[in-house]
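**Student:**
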Amino acid sequence: MSKVWKVSVPVFFGVLMLAPTVRADTLVEFEGGIGVLTADGVTCGQDPTNCFVRRNDVRGVQPGGQPWVIRQFKAKVKTNGRITAEGKGLVLAGSNAIGTAGGVNAVAVTLFCAEETTPDGHSSGSHPLAADGDFKFTDTLSPPVPATCPTPTLLIRARNNTGNWIAAGIPEVRSEEESD
Numbered sequence: 001m002s003k004v005w006k007v008s009v010p011v012f013f014g015v016l017m018l019a020p021t022v023r024a025d026t027l028v029e030f031e032g033g034i035g036v037l038t039a040d041g042v043t044c045g046q047d048p049t050n051c052f053v054r055r056n057d058v059r060g061v062q063p064g065g066q067p068w069v070i071r072q073f074k075a076k077v078k079t080n081g082r083i084t085a086e087g088k089g090l091v092l093a094g095s096n097a098i099g100t101a102g103g104v105n106a107v108a109v110t111l112f113c114a115e116e117t118t119p120d121g122h123s124s125g126s127h128p129l130a131a132d133g134d135f136k137f138t139d140t141l142s143p144p145v146p147a148t149c150p151t152p153t154l155l156i157r158a159r160n161n162t163g164n165w166i167a168a169g170i171p172e173v174r175s176e177e178e179s180d
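Note that our numbering gives residue 29 to position 29 of the sequence shown, counting from 1, and the numbers run on in steps of one.
Right under this line is the structure:
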């Protein structure tokens, strides 16, 4: 057997054996993002000038005042609450500042793990948002995250952890084989 094979085979199997361990401490992952639409419906009575617009609240958090889009997003939350998040192209999809981050120069994220409908989640601190809508950070969510997260929702919020939501992460769904 060549020297390359003698070294490569043990390294390969070592990495293969560590792969489940690396994922074992992951609480939830997000791949892709959804920009906010500020309203989720309009109801009009007999008089079309008297309409009611339903605000697009998610988990008790109000939406931003304008529509937003996000080109790319990924985040990983560890069981110890450590989060790594990266977004590209988080920009306004309306207003005179369309295609830019407008007046928003920082973002935070809030993770919800159950069916709660109050804005009490597990939040990061504020992190810089570039004018082109790019951001990247590592932080620890507070308060501490639960041991499981059966219905994860990750909101990207304008400015800080009490800001309106402007985008959301799409939970990565793992097959049963991957989660074992």
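Backbone N, C-alpha and C fix where the C-beta goes; we use that ideal spot for every residue, glycine too. From a predicted model like this one, the values you see are computed outputs, not experimental measurements.
Express the C-alpha separation of E172 and G133 in angstroms, rounding to a whole number.
**Tutor:** Between G133 and E172, the C-alpha separation is close to 22 Å.
**Student:** Helix or strand or just coil, what does DSSP make of P20?
**Tutor:** Confidence at P20 is low in this model, with a pLDDT of 46, below 50, so its placement is unreliable and no value can be given for it.
**Student:** Let me know if P128 comes out buried or exposed under the rule of 16 or more other beta-carbons within 10 Å of its beta-carbon.
**Tutor:** Exposed is the call here.
**Student:** DSSP three-state label for L27, please.
**Tutor:** L27: strand per DSSP, three-state reduction.
**Student:** Tell me the rounded alpha-carbon separation between L141 and A158.
**Tutor:** Rounded to whole angstroms, L141 to A158 spans 16 Å at the Cα level.
**Student:** For Q72, which three-state DSSP category applies?
**Tutor:** Note: Q72 maps to strand in three-state DSSP.
**Student:** Starting from T153, follow the beta strand (DSSP E) in both directions and report where the run begins and ends.
**Tutor:** Unbroken beta strand (DSSP E) run through T153: 153–158.
**Student:** Using a Cβ-Cβ cutoff of less than 6 Å, which residues in the same chain neighbour F112 once the five nearest sequence positions on both sides are dropped?
**Tutor:** Cβ within range, chain order: R59, G121, T153.
**Student:** At a cut of 8 Å, does the stretch 36–51 reach the stretch 95–109 through at least three beta carbon pairs?
**Tutor:** These segments do not touch.
**Student:** Cβ of G45 within 9 Å of Cβ of G169?
**Tutor:** The answer is no: Cβ separation not under 9 Å.
**Student:** So A85 packs on W68, CB below 8 Å; how close in whole Å?
**Tutor:** Going by Cβ atoms, the distance from A85 to W68 rounds to 16 Å, so no, they are not a contact pair.
**Student:** Keeping to the same chain, check which residues put their C-beta closer than 6 Å to that of T43; ignore five residues upstream and five downstream.
**Tutor:** F52, listed in sequence order.
**Student:** Mapping DSSP to helix, strand and coil, what is P171?
**Tutor:** Correct three-state label for P171: strand.
**Student:** Which one of K136, A130, V145 has the shortest CA to CA distance from S123?
**Tutor:** Of the listed residues, the one whose Cα sits closest to S123 is V145.
**Student:** So what does T148 bridge to, in DSSP terms?
**Tutor:** Answer is none; T148 lacks a bridge partner.
**Student:** Taking 9 Å as the threshold (C-beta atoms), are I166 and G81 in contact?
**Tutor:** Not a contact, by the Cβ cut-off of 9 Å.
**Student:** Under the rule that 16 or more other beta-carbon atoms within 10 Å means buried, what is A131, buried or exposed?
**Tutor:** Exposed, since its Cβ has fewer than 16 Cβ neighbours within 10 Å.
**Student:** I'd like the span of the beta strand (DSSP E) that includes T138, first residue to last.
**Tutor:** Where T138 is concerned, the enclosing beta strand (DSSP E) stretches over 135–140.
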